[in-house]
Amino acid sequence: MSSPLLAADISASDDYKKGQDLYGKHCVACHQANGQGMAPVFPPLAKSDYLMADTERAIGIVINGLSGKVMVNDVEYNNAMPPMNYLKDDEIANILTYVKNSWGNKADAVTADEVSNVRSAGGTVVKPNKGKNIIYEETKSAISPDVTVDFIDSEGPKITKAEYGKAKKMYFERCAGCHGVLRKGATGKPLTTDITRQKGTDYLKTMINYGSPAGMPNWGTSGDFSDSEIDLLARFLQHEPPQPPEWGRAEMLQTWKVYVKPEDRPTKPMHDYDIDDIFVVTLRDAGQVALIDGKSKKIINILNTGYAVHISRPSATGRYVYTIGRDAKIDVIDMWMDLPQIVAEIKIGLEARSVETSKYKGYEDKIAIAGAYWPPQYVLMEPETLEPINIVSTRGYTVDTHEYHPEPRVAAIVSSHEHPEFIVNVKETGKILLVDYSNPLELSVKTIPAARYLHDGGWDKTHRYFMTAANKSNKIAVIDSKDRSLEALVDA
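See the structure below:
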């Protein structure tokens, strides 16, 4: 057994430097590079009375995790730390050596033998973190796993074709909403193979099982996934992600249907309903919308639409209602028909969230737009028939790190009342596009850098300022649609 280093020698030791590297990989997200933590969620390690009081307890926490209330420097913390028992004894020793001798802390080095003794003692020194349940807030991806191209890579752990297919379905249903179709990261962290292979199967299994304080659900301890399913998903994540197909004009036209031609539609309302007093209610899991008369409170009609309609937009005149499902299927409902019906439909991708029509004076309902999650693109269409006119990709570089992102999804789209423009949020790159539709075949697009992970938003009462949230960046961007500029970027 080697004798422990004295505190004075530690900061120059190899173990300390290894611990510093390991801390950066496994601990810094919660406890921060300066060891100050993130009050009131993650406790500090710098000058921490709780950390420094008991080395054996500290080892036990790293191995077993921790849940429940603890007092650190007279401040109460109550969060969950996942177990890190996938780390080797010497790695845990090096991490603790580093944190107990940084940021003003001073102590003897922790040895691998000390870690081994705690690990082999059986029971736990502290109450292990069984994981609090974090409810999954995304829905499954609308992309069918069956249309993707599989990549079973020999560099990843052994996995059969059948296992890959099952794991792929699990990923699209439970993971893609946060981590992205291509695993490049969205509101969740990236899970590309350069990361997952370095972390290894045991680490991935632990994270999937227990979740994380940052908001990842505890899929194992909640009972959603079995041990075998967690093992399967951990191995799957170390292979290249399956690739969904692109979706261009040819694919769109295969789905395009006009049920009633514009010239065969009514020239005036054929009923006595007040069109401005009709509710369009999403029947999400049924893939339908219900039209409800606001005066009588009675259902006028129930229509089959795309899967889990995300939004219903009225045209400028109120004549039409446009719905878009998460499966990227758009339906146009003619509200003038005696019984309002779908008159046209098209599928503009494999997954989408937004649809809108032109609202600027003189251009009312002259053009429609829809934005897709996959492929990352927006599509300009003839508004009465939905025939595609122009398709524009949103792939590009992020506003902060200027790195290329292959999957920047189109989030909110609104129509300007100040110019013939659509205002388009591009989620992962953090760009807001002002798309001039006055000549849809020769588009003029102004790009406004804002903040990454742009999501939804709305107008102020004057319809001049568009306010939109970048949720993961904790920012609110305010666009002056008259001056065509970023008015403000506000911390949320």
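Position 245 of the sequence shown, counted from 1, bears residue number 245 in the working numbering, the numbering being contiguous throughout.
Where a beta carbon is used, it is the ideal one built from N, C-alpha and C, also for glycine.
Our contact map puts residue i next to residue j with C-beta atoms below 8 Å; I'd like the distance itself, whole angstroms only.
i           : j           : result
residue 322 : residue 250 : Rounded, the Cβ-Cβ distance is 23 Å, inconsistent with contact.
residue 375 : residue 246 : 5 Å
residue 183 : residue 191 : 4 Å
residue 436 : residue 445 : 7 Å
residue 383 : residue 337 : At roughly 17 Å, the Cβ-Cβ gap does not stay under 8 Å, so residue 383 and residue 337 are not in contact.
residue 427 : residue 455 : 7 Å
residue 98  : residue 20  : 5 Å
residue 453 : residue 187 : 6 Å
residue 316 : residue 364 : 4 Å
residue 498 : residue 300 : In this structure the chain extends from 1 to 492, so residue 498 is not present and cannot be described.
residue 330 : residue 370 : 6 Å
residue 240 : residue 206 : Incorrect: roughly 23 Å between the Cβ atoms, too far for contact.
Can you check DSSP and say which residues form a bridge with residue i?
i           : result
residue 381 : 368 and 388
residue 344 : 258 and 332
residue 323 : 312 and 331
residue 431 : 426 and 449
residue 85  : Looking at the DSSP assignment, residue 85 forms no beta bridge with any residue, so it has no partner.
residue 20  : Note: residue 20 sits in no beta bridge, so no partner.
residue 470 : 454 and 475
residue 405 : 396
residue 38  : 42
residue 444 : 436
residue 374 : 351
residue 14  : The partner list for residue 14 (beta bridge, DSSP) is empty, contrary to what the question assumes.
residue 307 : None; residue 307 has no bridge partner.
residue 465 : 480
From which residue to which residue does the beta strand (DSSP E) around residue i run?
i           : result
residue 415 : 410 to 415
residue 288 : 288 to 293
residue 419 : It is not in any beta strand (DSSP E) - residue 419 carries neither H nor E in the DSSP assignment.
residue 455 : 454 to 459
residue 353 : 351 to 357
residue 71  : 69 to 72
residue 487 : 485 to 491
residue 282 : 278 to 283
residue 76  : 75 to 78
residue 143 : Looking at the DSSP string, residue 143 is not in any beta strand (DSSP E), and its letter there is neither H nor E.
residue 304 : 299 to 304
On the DSSP letters alone, give me the boundaries of the alpha helix (DSSP H) that residue i sits inside.
i           : result
residue 207 : 201 to 210
residue 168 : 161 to 174
residue 232 : 227 to 236
residue 60  : 55 to 64
residue 117 : 112 to 120
residue 29  : 28 to 31
Excluding the five sequence neighbours on either side, which residues of its own chain have a C-beta within less than 7 Å of the C-beta of residue i, listed in chain order?
i           : result
residue 475 : 451, 489, 490, 491 and 492
residue 244 : 143, 147, 148, 181, 350 and 374
residue 276 : 318
residue 391 : 248, 249, 377 and 379
residue 449 : 399, 430 and 431
residue 212 : 82
residue 279 : 292 and 294
residue 172 : 140, 141, 143 and 145
Are the C-beta of residue i and some C-beta of chain D separated by less than 8 Å?
i           : result
residue 231 : Chain labels in this structure do not include chain D; a single protein chain is all it has.
Ordered along the chain, which non-local residues of its own chain (more than five positions away) have a Cβ less than 6 Å from that of residue i?
i           : result
residue 202 : 86
residue 163 : 232
residue 472 : 187 and 453
residue 132 : Here the model assigns residue 132 a pLDDT of 49, short of 50, so the residue's position is not dependable, and the following value carries that caveat. If we look at residue 132 and ignore the five residues flanking it on each side, its Cβ neighbours are 80.
residue 486 : 448
residue 478 : 465, 467, 487 and 488
Output needed for residue i: all residues of its chain with C-beta closer than 8 Å, excluding positions within five of it in sequence on either side, in chain order.
i           : result
residue 311 : 323, 324, 353, 354 and 355
residue 52  : 100, 105 and 107
residue 14  : none
residue 341 : 259, 260, 301, 303, 333 and 334
Please tell me whether, using a cut-off of 7 Å, the distance from the CB of residue i to the nearest non-hydrogen atom of the ligand ADP is below it.
i           : result
residue 184 : Inclusion of the ligand ADP in the displayed structure is not the case, the ligand content being empty and no account of it being possible.
* Below 8 Å, can you find three or more Cβ-Cβ pairs linking the stretch 348 to 355 to the stretch 408 to 422? -> yes
* Asked: Should the stretch 455 to 468 be regarded as contacting the stretch 411 to 427, the criterion being three or more beta carbon pairs within less than 8 Å?
  -> Segments in contact, yes.
* **the stretch 91 to 104 contacting the stretch 67 to 75, beta-carbon criterion three pairs below 8 Å** => no
* Asked: Would the stretch 52 to 61 and the stretch 104 to 120 be scored as touching if the rule is three or more Cβ pairs under 8 Å?
  -> Using a Cβ-Cβ distance cut-off of 8 Å, the stretch 52 to 61 and the stretch 104 to 120 are in contact, since at least three pairs of beta carbons, one from each stretch, lie closer than that value.
* To do: Kindly confirm or deny that the stretch 212 to 228 and the stretch 339 to 350 touch, where touching means at least three C-beta pairs closer than 8 Å.
  => no
* Report yes or no: do three or more beta-carbon pairs, one from the stretch 258 to 272 and one from the stretch 224 to 239, lie closer than 8 Å? => no
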